[in-house]
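Trainee:
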Amino acid sequence: MKILFYMPHADAAAWLHDFTRALPEAELREWQTGDTEPADFAVVWRPPREMLAGRDNLRAIFNLGAGVDAILALEHEQPGTLPRNAPLIRLEDTGMAPQMAEYVTHAVLRYMRRFDEYQTLQSERRWHVLDAHPRETFTVGVLGMGVLGAHVAQALAAFGMPVRGYSRSARQIDGITTFAGAAEFDAFLDGVKVLVNLLPHTPDTGDVLNQRTFSKLAKGAYLINVARGGHLVEPDLLEALASGQLAAATLDVFREEPLPPDHPFWQEPRITITPHMSALTLREESVTQVAQKMAAIMRGETVSGVVDIERGY
Ligand code: NDP
Ligand code: OXD
Numbered sequence: 099m100k101i102l103f104y105m106p107h108a109d110a111a112a113w114l115h116d117f118t119r120a121l122p123e124a125e126l127r128e129w130q131t132g133d134t135e136p137a138d139f140a141v142v143w144r145p146p147r148e149m150l151a152g153r154d155n156l157r158a159i160f161n162l163g164a165g166v167d168a169i170l171a172l173e174h175e176q177p178g179t180l181p182r183n184a185p186l187i188r189l190e191d192t193g194m195a196p197q198m199a200e201y202v203t204h205a206v207l208r209y210m211r212r213f214d215e216y217q218t219l220q221s222e223r224r225w226h227v228l229d230a231h232p233r234e235t236f237t238v239g240v241l242g243m244g245v246l247g248a249h250v251a252q253a254l255a256a257f258g259m260p261v262r263g264y265s266r267s268a269r270q271i272d273g274i275t276t277f278a279g280a281a282e283f284d285a286f287l288d289g290v291k292v293l294v295n296l297l298p299h300t301p302d303t304g305d306v307l308n309q310r311t312f313s314k315l316a317k318g319a320y321l322i323n324v325a326r327g328g329h330l331v332e333p334d335l336l337e338a339l340a341s342g343q344l345a346a347a348t349l350d351v352f353r354e355e356p357l358p359p360d361h362p363f364w365q366e367p368r369i370t371i372t373p374h375m376s377a378l379t380l381r382e383e384s385v386t387q388v389a390q391k392m393a394a395i396m397r398g399e400t401v402s403g404v405v406d407i408e409r410g411y
């Protein structure tokens with residue numbers, strides 16, 4: 099079995115070492131410009147077009163992330179880039195779900211218990227107890243009820259606040275009030291106090307975090323975007339903060355990453371910025387999952403996590 103690997107800015111040697119340990123019979127190589135030698139599998143993160151185009155003998159392409167928007171953009175820009183018969187397979191959880199739950203729970207509790215305001219009081223040396231946000235009306239709405247969104251929603255529900263979930267198809271998840279499809283979007287948003295975004299970035303979901311969406315939330319709501327920067331209409335966020343429709347936002351992802359030093363978000367104290375770290379790709383868990391799926395494909399079995407190219411996730 100021949101495996102091609104491409105993951106810029108990563109310790110390629112460590113990844114190749116772990117793959118060799120998991121698949122001792124495999125021949126692994128890091129893709130270099132000009133390499134057109136055959137391979138059975140490609141394991142990639144944000145690959146260049148020329149790595150994949152024309153590789154009609156691939157059995158599968160493994161995307162070293164949950165989101166496939168970047169690789170699908172290659173196909174969108176130049177149809178035919180992705181080999182015809184090779185399924186595109188994404189990571190499923192591989193340790194990202196607990197990280198995402200930690201990140202989002204931290205942000206929600208920080209807002210619910212008003213820690214930012216206590217920090218301001220501390221800076222003024224003031225000893226003052228603020229009225230708590232009532233838990234029963236501190237409704238959290240999670241966009242995306244997939245592998246990550248459902249896990250995050252259930253972690254939040256354990257704290258006792260009402261939690262809603264939104265997906266494309268109808269879902270039943272213990273402890274979560276679920277909504278599905280465009281027809282139920284406004285009902286999902288109505289009165290939500292914290293909006294968490296865990297949708298994939300697709301032609302249907304781009305710009306979903308916009309003025310109209312914000313206007314349906316409770317006055318003084320909070321936004322947590324941990325999915326993709328392309329979901330957020332940036333001027334609409336600044337406007338919603340200025341008008342008080344939104345009280346604050348926590349953003350882990352941006353249209354341009356790294357966020358440019360002159361971007362207005364850096365100047366806005368109500369925006370918390372992190373550098374796309376809410377759920378990191380963990381090497382050991384990812385190698386184990388990918389290696390197991392490769393072995394299953396070699397045995398002629400079907401595997402989960404196959405992306406629907408038309409749907410975009
Ligand atoms: P999944 O594919 O498991 O879940 C996607 C969810 O979104 C599903 O519930 C799906 O609905 C729903 N959805 C998709 N399109 C629509 C639509 N048009 N309307 C309503 N709902 C829709 O993805 P994951 O949970 O694994 O990952 C989600 C995203 O998180 C990734 O695509 C990635 O962009 C982001 N991410 C960010 C990371 C970070 O570090 N910041 C790390 C990892 C992922 P249905 O259930 O009906 O299919
Ligand atoms: C992912 C990511 O999609 O890291 O996995 O953003």
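Going by the numbering used here, the letters in the sequence shown line up with residues 99 to 411, in that order. Ideal Cβ placement from N, Cα and C applies to all residues, glycine included.
Considering only heavy atoms of the ligand OXD, list every residue whose Cβ is less than 5 Å from one of them, following chain order.
Mentor: G163, A164, G165
Trainee: Could you check if D311 is buried or exposed, using at least 16 other CB atoms within 10 Å of its CB as the buried criterion?
Mentor: The residue you asked about is not Asp; residue 311 is Thr in the sequence shown. T311 should be labelled buried.
Trainee: To test your reading of the DSSP string, which unbroken alpha helix (DSSP H) runs of 4 or more residues are found completely within the stretch 160-204?
Mentor: 167-175
Trainee: So does the stretch 263-276 actually touch the stretch 379-393, counting three or more Cβ pairs closer than 8 Å?
Mentor: no
Trainee: Please name the residue, chosen from Q220, E200, K291, that lies closest to A347 on a Cα-to-Cα basis.
Mentor: K291
Trainee: Taking contact to mean at least 3 C-beta pairs separated by less than 8 Å, is the stretch 174-194 in contact with the stretch 156-165?
Mentor: yes
Trainee: Assuming R188 contacts A171 under a Cβ cut-off of 8 Å, what Cβ separation, rounded to an integer in Å, is found between them?
Mentor: Rounded, the Cβ-Cβ distance is 15 Å, inconsistent with contact.
Trainee: I need the DSSP call for S267, collapsed to helix, strand or coil.
Mentor: coil
Trainee: Identify which residue in R144, A256, V324, A151 has its Cα closest to the Cα of T134.
Mentor: A151
Trainee: How do the stretch 204-216 and the stretch 395-409 stand: do at least 3 beta-carbon pairs fall below 8 Å, yes or no?
Mentor: Judged by Cβ distances under 8 Å, the stretch 204-216 makes no contact with the stretch 395-409, as fewer than three pairs qualify.
Trainee: Look up E354 in the DSSP assignment and say whether it is helix, strand or coil.
Mentor: coil
Trainee: Secondary structure at I395, three-state DSSP: helix, strand or coil?
Mentor: Correct three-state label for I395: helix.
Trainee: Quick check: does the Cβ of R262 come within less than 8 Å of any heavy atom belonging to the ligand NDP?
Mentor: no
Trainee: So, is A111 buried or exposed, given that buried needs 16 or more other C-beta atoms within 10 angstroms?
Mentor: Exposed is the label assigned to A111, since fewer than 16 other Cβ atoms lie within 10 Å of its Cβ.
Trainee: Below 8 Å, is the gap between the Cβ of T303 and the nearest heavy atom of the ligand NDP?
Mentor: yes
Trainee: Which residue's Cα is closest to the Cα of L228: T300, V238, M210?
Mentor: M210
Trainee: The beta strand (DSSP E) with T348 in it runs from where to where?
Mentor: 344-349
Trainee: Could you work out which residue in S265, D350, E175 is closest to G239 when comparing CA atoms only?
Mentor: S265
Trainee: Is the separation between the beta-carbon of D334 and that of Q365 shorter than 9 Å?
Mentor: no
Trainee: Compare the C-beta of F257 with all C-beta atoms of chain B and state if any pair is closer than 9 Å.
Mentor: The structure shown has no chain B; it contains just one protein chain.
Trainee: Let me confirm a value: P145 is counted as buried when at least 16 other C-beta atoms fall within 10 Å, else exposed. Which label applies?
Mentor: buried
Trainee: Could you spell out where the alpha helix (DSSP H) holding E250 opens and where it closes?
Mentor: One detail in the question is off: residue 250 reads as Val in this sequence, not Glu. V250 -> alpha helix (DSSP H) spans 245-255.
Trainee: Can you name, in chain order, every residue of its own chain whose Cβ lies under 7 Å from the Cβ of T303, other than the five neighbours on each side?
Mentor: L297, H329
Trainee: Look at the alpha carbon of A234 and the alpha carbon of V261, and state the distance between them as a whole number of angstroms.
Mentor: As written in the sequence, residue 234 is Glu, which differs from the Ala given in the question. So the two alpha carbons sit approximately 10 Å from each other.
Trainee: Any heavy atom of the ligand NDP closer than 8 Å to the CB of D284?
Mentor: With a cut-off of 8 Å, the C-beta of D284 is classified as distant from the ligand NDP, since no heavy atom of the ligand falls inside that distance.
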